Amino acid sequence: MKISELLNPLSVVANIKANDKESVLSELADALLAVAPELQRDTVLHVLNEREQLGSTGIGEGVAIPHGKLKGIPQLMLAFGRSLDGLDFESMDGQPVHLFFLLLAPEDSVGIHLKTLARISKLLKNSDIRRQLMEAADAEGIYQLICDRED
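Below you can see the structure in the form of structure tokens.
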């Protein structure tokens, strides 16, 4: 499944206002709730924080992929956020994080969840794509870039 099939343009945040881990998770959860109002905000945040307690989802090179599994959702859900200033996310390389993909998966999913994490990771390993995402003018530009570069 393609990232562009899961990511709603309305759940892209071009300029995250948060300046710490907890706040960025809240801001990304709110972006997801904007397109999936049936979700319970507290439950989403609990799942994300529970996963972060196992170890940071900051994978390095300015990228984090906070994720978790949630009972009752029919399919994978994505939100994207960009922090122009970057923030401490306890990333593996100790560097500030600028680019975030939030991924929620149905509780019983395994393969598709892991494949999507791998697809996101592969996309953002490309330094040109990371640079272009940072330079994109707005949320629409970010969304279009993800759609164009995913192939």
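In this note's numbering, the protein residues as written are 155 to 305.
C-beta: ideal position from N, C-alpha, C; glycine also.
Nothing here was measured: the structure is a model prediction, and the numbers come from that model.
Under a Cβ-count criterion, where at least 16 other Cβ atoms within 10 Å of its own Cβ denotes burial, should Leu256 be classed as buried or exposed? buried
May I ask which residues mark the beginning and end of the alpha helix (DSSP H) holding Ser180? Here the alpha helix (DSSP H) through Ser180 covers Lys175 to Val189.
Are Leu230 and Leu253 close, meaning C-beta to C-beta below 8 Å? no
Tell me the DSSP secondary structure of Phe264 in three-state form. A quick correction: the sequence has Val, not Phe, at residue 264. Here Val264 sits in coil by DSSP.
Between Phe243 and Arg236, what straight-line distance do the alpha-carbon atoms span, to the nearest angstrom? Spanning the two alpha carbons is a distance of roughly 13 Å.
Quick check: Ser275 and Ile227, are their CB atoms within less than 8 Å of each other? no
Express the C-alpha separation of Ser263 and Ala183 in angstroms, rounding to a whole number. 20 Å
Determine the direct distance from the alpha carbon of Lys156 to that of Arg303, and round the result to whole angstroms. Answer to the nearest angstrom: the Cα atoms are 11 Å apart.
Distance check for Ala190 and Leu196, CA to CA, integer angstroms please. Looking at the sequence itself, residue 196 is Asp, so the reference to Leu does not match. In a straight line, the C-alpha of Asp196 is about 14 Å away from that of Ala190.
Below 6 Å CB to CB, which residues in the same chain sit around Thr211 once its five sequence neighbours on both sides are set aside? Ala218, Ile219 and Pro220
Output the distance between the C-alpha atoms of Gly391 and Pro163, rounded to the nearest integer angstrom. Because the chain in this structure spans residues 155 to 305, residue 391 falls outside the shown range and cannot be described.
Just how far apart, CA to CA, sit Gly265 and Lys171? Rounded to whole angstroms, Gly265 to Lys171 spans 33 Å at the Cα level.
Between which residues of its own chain and Arg205 is the CB-CB distance below 8 Å, once the five residues before and five after are set aside? If we look at Arg205 and ignore the five residues flanking it on each side, its Cβ neighbours are Thr211, Pro220, His221 and Gly222.
For Ala272, which three-state DSSP category applies? helix
Length of the line joining the Cα atoms of Gln249 and Asn280: 17 Å
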